[in-house]
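Residue numbering for the sequence shown follows this note's numbering, beginning at 14 and increasing consecutively.
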Amino acid sequence: MATTARTRKSAAKAAPEDTPPEASAKEAATEDSAATAPDSAPLEPPHVDEAPEPPAPSPYVTPTEVIPDEENLSDVILDDVTGQPPTDVDTVFVPLTPFGSTLQCTVRLVERTFLGPHRNPVTRLLQPKGAVVSEGIAARIRDRLTAQAARTGSK
Numbered sequence: 014m015a016t017t018a019r020t021r022k023s024a025a026k027a028a029p030e031d032t033p034p035e036a037s038a039k040e041a042a043t044e045d046s047a048a049t050a051p052d053s054a055p056l057e058p059p060h061v062d063e064a065p066e067p068p069a070p071s072p073y074v075t076p077t078e079v080i081p082d083e084e085n086l087s088d089v090i091l092d093d094v095t096g097q098p099p100t101d102v103d104t105v106f107v108p109l110t111p112f113g114s115t116l117q118c119t120v121r122l123v124e125r126t127f128l129g130p131h132r133n134p135v136t137r138l139l140q141p142k143g144a145v146v147s148e149g150i151a152a153r154i155r156d157r158l159t160a161q162a163a164r165t166g167s168k
């Protein structure tokens, strides 16, 4: 048995030597490419869904700027149509529904202020006509309108 084991070892050693070097290089390249080949199929291009339809426009008009911070508040709030302060402060905001807590602005309110380092005069929108606002915002604007009316009435 010992002789057969030697024969097998020598036969195994002889086999690679008998093969030409080009064939062994091709076999090695085939083994490398088989080892690095992916196990799954290539990725397909992603499926692109159509863009959803835009939502229907809201029936409510929203304010673009509710109330600026304290240091940028203006002293002059005007009705944009007349160019004068509103005459009746109580009718500027009316309830949207009989039992609701939201109010609707009846006039377009703008304020004249001065912005920037050179205090450039600017007229900016405070509330658009038809804007739906909370009671707190309406109360702050009413307070400003009342203080404005008191200042102009006392002069």
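Glycine included, each C-beta is placed from N, C-alpha and C at the ideal position.
Predicted model, so just to flag it, every value in this text is computed and none were measured.
Contact check for L109 against E124 fails: the beta carbons are separated by 8 Å or more.
Taking 4 residues as the shortest admissible run, the region 129 to 156 contains no complete alpha helix (DSSP H) segment at all. Between P68 and A162 a beta carbon distance of about 40 Å is seen, past the 8 Å cut, so the two are scored as non-contacting. For D92, the enclosing beta strand (DSSP E) stretches over residues 89 to 92.
Secondary structure note for F106: its beta strand (DSSP E) is the uninterrupted segment 106 to 108. DSSP, read as helix, strand or coil, puts R164 in helix.
Pairing P58 with A64, the inter-Cα distance amounts to about 18 Å. If you draw a straight line from the Cα of P111 to the Cα of Q117, it is about 12 Å long. Nearest to I154 by alpha-carbon distance, out of G96, E66, G113, V105, is V105.
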